[in-house]
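Reading through the structure tokens given below for one structure.
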Amino acid sequence: MKRLRNILVTIVPLIILFLIADYVLLVPLNIRFEEGFNLFFALLVIAIIAYFYEDVRYIFQDLAKGQSIHFPGKAIKFCVITLFVIYIGYQVSSTPILLSQQYRDLIGEIETKDFTEDIPMVDLSKIPTVDEAYARRLGDKKLGEDVGLGSQVYVGDYTLISMNDELFWVAPLEHVDIIKWFTNREGTPGYIMVSATDAQDVRLVQQDAEGNPIKLKYLPSAYFNDDIRRKVYFEGNMFEGLTDYSFELDDNGRPYWVVTTYTKKVGIHGGADATGVVVVDAQTGETAKYSVEDAPKWIDRIQPQSFVINQINDWGWYTNGFINTLFAKKGIIQTTHGTNYMYIDGDWYFYTGMTSAGSDESTVGFMLSNTRTKETTFYKIAGATETAAMKSAEGKVQHLGYQSSFPLLLNVENEPTYFMTLKDNQGLVKQYAFVNVKDYSKVGTGETLDEARANYTKLVFGGQGNFSDISSGEHKTITATIDRLGMSQTDGNTYYTIILKEHPELLLMGSGTISPELPISREGDQVTIEYIDAKNKTKTIVSFDNLSFDQ
């Protein structure tokens with residue numbers, strides 16, 4: 000009777016405790032997630048303690064006196080043993096020792112392709128020269144221009160997106176504290192957009208396309224039911240995993256939160272894998288749920304980066320079974336330190352280098368994984384790791400003390416190439432660098448993208464005044480007017496970049512030794528140029544004739 004009274008007295012507080020924990024912790028109410036299991040397990044322990052209160056009190060007395068534990072009854076002993084078995088069984092239920100094959104296969108089929116055939120040539124106008132750290136600096140500066148606004152809000156976390164085929168870093172304005180949230184319940188007044196390709200393009204967007212003021216009501220910095228995490232959780236998503244709260248814009252610039260839903264696919268609680276997204280209008284709170292296949296096209300990221308990297312590592316580690324990872328380590332490969340994004344033909348990809356276990360500065364290839372579908376491709380290319388390339392680029396300008404950003408992987412003239420920005424100690428971009436993956440001693444730097452790329456191309460292809468062998472292709476001749484003419488120098492050699500008025504799509508480059516008329520040519524001159532029409536964006540000049548000179 001006493002035990003029954005104990006449990007009856009405890010049941011109401013237990014329910015209240017559960018409701019409070021559910022509202023505050025927002026854990027998935029599913030034992031396939033460790034947080035959910037731990038919550039239910041803790042409540043079960045409390046219920047057992049309440050029911051066997053007298054027996055438990057004697058057990059704690061034994062512990063306090065340093066004596067061996069004495070179980071007053073078989074029931075309490077059975078419950079303690081059962082709890083112990085449940086807990087240990089749960090912890091080992093998803094161990095790679097038993098399920099390495101399932102962990103290895105979670106990433107799906109990985110196709111091996113040729114880098115130069117599959118990855119298009121670089122377009123300088125599409126290179127993200129603004130990384131997240133630089134975007135944050137630019138965004139904070141933009142917000143600081145409005146003194147009154149800067150005291151009310153701060154710039155939240157950035158997401159890299161594409162909108163109408165342009166690349167942007169976007170971040171919401173967040174409440175500074177609970178007082179500011181309480182006095183601005185309608186929401187914060189807009190978001191920051193920073194072009195990923197043009198550091199001069201920084202916008203504080205406070206009106207939508209129709210001219211209506213933007214009010215972001217659902218945010219990570221909001222409280223109670225305005226908290227975006229709580230909003231999504233209580234919209235019928237209490238029984239599955241929620242992660243990767245990304246701030247994105249649709250093609251009309253309307254702000255949304257894109258939240259990945261996921262489950263566990265290995266054992267009971269192992270192998271996190273995305274199942275779809277929950278999309279929340281950041282202003283109205285209108286919510287929609289989609290599978291991976293049905294998600295709107297404007298959503299750039301469905302797969303969490305951490306999930307993809309973990310699955311690639313599992314694929315590399317367990318390719319020959321778990322025992323192999325402990326002893327022989329045959330064929331084991333793993334991701335390098337750090338990841339980045341690649342934007343190819345309208346799609347985003349996670350990029351990571353792959354290296355042999357124990358290797359520090361060399362790669363065996365690269366992985367690209369689609370950020371929506373998780374389709375993953377492996378490119379076998381032996382070369383330098385991103386870290387080694389960064390050190391090489393910094394060594395090129397060591398007299399200036401610049402620091403390198405984490406590299407992007409590009410295809411430059413059919414050569415796998417790392418691209419990075421070089422910043423001063425204030426975080427400002429001062430130069431650009433291209434580093435050859437296969438031979439990271441070949442580094443081209445410059446204060447402009449064109450200059451850095453030209454210097455790099457000359458080094459890689461041995462262009463000591465001879466650009467004719469840079470790439471194979473059809474020789475073409477064209478007569479047109481010079482619209483723009485640029486000059487750069489490397490190792491005592493002078494190189495010229497030309498854009499023609501009648502053919503602005505052509506970017507032509509050649510050495511000053513091709514013709515004595517090239518160094519004295521000017522914008523507006525009529526010229527005849529023979530060039531190699533290869534797949535690369537920059538066309539190599541073979542011969543040059545300025546028609547203004549009769550010699």
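Take 0 as the starting number for the sequence shown in numbering that gives the first Met the number 0 and just add one per residue.
Using N, Cα and C, we set each Cβ at its ideal position, and we do this for glycine too.
I'd like to know whether the C-beta atoms of residue i and residue j end up nearer to each other than 9 Å.
{"i": "ILE267", "j": "ARG31", "result": "yes"}
{"i": "TRP314", "j": "ILE109", "result": "yes"}
{"i": "MET162", "j": "TRP297", "result": "yes"}
{"i": "ARG253", "j": "LEU25", "result": "no"}
{"i": "LEU18", "j": "ILE45", "result": "no"}
{"i": "ALA375", "j": "GLY107", "result": "At residue 375 the sequence reads Thr, which differs from the Ala that was named. Cβ distance < 9 Å, so THR375 and GLY107 count as in contact."}
{"i": "ALA134", "j": "LEU218", "result": "no"}
{"i": "ASN251", "j": "ASP207", "result": "yes"}
{"i": "TRP256", "j": "VAL291", "result": "no"}
{"i": "VAL276", "j": "LEU105", "result": "no"}
{"i": "VAL552", "j": "MET120", "result": "An answer regarding residue 552 cannot be provided, because it is not within the stretch 0 to 550 covered by the chain."}
{"i": "ARG371", "j": "ALA453", "result": "no"}
{"i": "SER93", "j": "GLY270", "result": "yes"}
{"i": "ILE160", "j": "GLU247", "result": "yes"}
{"i": "ASN312", "j": "THR334", "result": "yes"}
{"i": "GLY632", "j": "LEU172", "result": "Any question about residue 632 goes unanswered here, given that the chain covers just 0 to 550."}
{"i": "LYS395", "j": "VAL307", "result": "no"}
Could you please give the first and the last residue of the uninterrupted beta strand (DSSP E) stretch that includes residue i?
{"i": "GLN333", "result": "332-334"}
{"i": "GLU110", "result": "109-111"}
{"i": "GLY240", "result": "240-248"}
{"i": "LYS538", "result": "537-545"}
{"i": "THR420", "result": "414-422"}
{"i": "TRP347", "result": "346-355"}
{"i": "LYS216", "result": "Taken as a continuous stretch (DSSP letters only), LYS216 belongs to no beta strand (DSSP E), as it is neither H nor E."}
Which residues bound the alpha helix (DSSP H) around residue i?
{"i": "GLU116", "result": "114-117"}
{"i": "ILE308", "result": "304-316"}
{"i": "VAL44", "result": "33-50"}
{"i": "MET389", "result": "385-395"}
{"i": "GLU450", "result": "448-459"}
{"i": "GLN101", "result": "95-104"}
{"i": "ASP131", "result": "For clarity, residue 131 is Glu in the given sequence; the question names Asp instead. First-last of the alpha helix (DSSP H) with GLU131: 131-143."}
{"i": "GLY523", "result": "From DSSP, GLY523 is part of no alpha helix (DSSP H); its letter is neither H nor E."}
{"i": "PHE77", "result": "73-91"}
{"i": "ARG202", "result": "No alpha helix (DSSP H) holds ARG202; the beta strand (DSSP E) holding it covers 201-204."}
Within 10 Å of its beta-carbon, does residue i have 16 or more other beta-carbons around it, so buried, or fewer, so exposed?
{"i": "HIS174", "result": "buried"}
{"i": "ASP130", "result": "buried"}
{"i": "GLU450", "result": "buried"}
{"i": "TYR22", "result": "exposed"}
{"i": "LEU123", "result": "buried"}
{"i": "LYS73", "result": "exposed"}
{"i": "ARG56", "result": "exposed"}
{"i": "SER245", "result": "buried"}
{"i": "GLN430", "result": "buried"}
{"i": "GLY462", "result": "Confidence in GLY462 is poor, its pLDDT being 48 and thus under 50, which makes the residue's placement unreliable; the coordinate value appears in the next sentence. Buried is the call here."}
{"i": "GLN310", "result": "buried"}
{"i": "VAL152", "result": "buried"}
{"i": "MET419", "result": "buried"}
{"i": "ASP164", "result": "exposed"}
{"i": "ASN545", "result": "buried"}
{"i": "ASP272", "result": "buried"}
{"i": "TYR636", "result": "Summary: the structure shown does not reach residue 636, with the chain confined to residues 0 through 550, and so no result is reported for it."}
Got a sec? Which residues, its chain only, sit under 7 Å from residue i by beta carbon, not counting five neighbours each side?
{"i": "GLY143", "result": "GLY149"}
{"i": "TYR530", "result": "LYS475, LEU507, LYS538, THR539, ILE540 and VAL541"}
{"i": "ALA287", "result": "VAL278"}
{"i": "VAL11", "result": "none"}
{"i": "PHE466", "result": "Here the model assigns PHE466 a pLDDT of 42, short of 50, so the residue's position is not dependable, and the following value carries that caveat. So the list reads MET508, GLY509, SER510, THR539 and ILE540, once near-sequence residues are dropped."}
{"i": "ASP423", "result": "TYR401 and LYS429"}
{"i": "LYS328", "result": "ALA356"}
{"i": "TYR222", "result": "ILE177 and TRP180"}
Apart from the five residues just before and just after residue i, which ones in its own chain have a Cβ nearer than 8 Å to its Cβ?
{"i": "GLY330", "result": "THR318, ASN319 and ASN323"}
{"i": "ALA479", "result": "LEU499, LYS500, GLU501, HIS502, GLN525, VAL526 and ILE528"}
{"i": "PHE365", "result": "PHE114, TYR350, THR351, GLY352, MET353, PHE377, TYR378, ILE380, LEU408 and PRO415"}
{"i": "GLU185", "result": "LYS214 and LYS216"}
Residues in its own chain within less than 6 Å of residue i by CB, not counting five upstream and five downstream?
{"i": "ASP468", "result": "Model confidence at ASP468 stands at a pLDDT of 41, short of 50, so the residue's coordinates are unreliable; what they give is reported in the following sentence. Nothing meets the Cβ criterion."}
{"i": "ASP243", "result": "THR259 and PRO303"}
{"i": "GLY345", "result": "none"}
{"i": "LYS141", "result": "VAL201 and LEU203"}
{"i": "SER514", "result": "PHE543"}
{"i": "ASN29", "result": "GLY35 and PHE238"}
{"i": "PRO518", "result": "GLY511"}
Taking 8 Å as the line, does the beta carbon of residue i fall inside it for any heavy atom of the ligand ZN?
{"i": "VAL152", "result": "This structure lacks the ligand ZN, and indeed carries no ligand of any kind."}
Original post:
Are there three or more Cβ pairs, one per stretch, closer than 8 Å when the stretch 291-311 is compared with the stretch 332-352?
Top reply: yes
Original post:
Does the stretch 422-440 come close enough to the stretch 394-409 that 3 or more CB-CB pairs lie under 8 Å?
Top reply: yes
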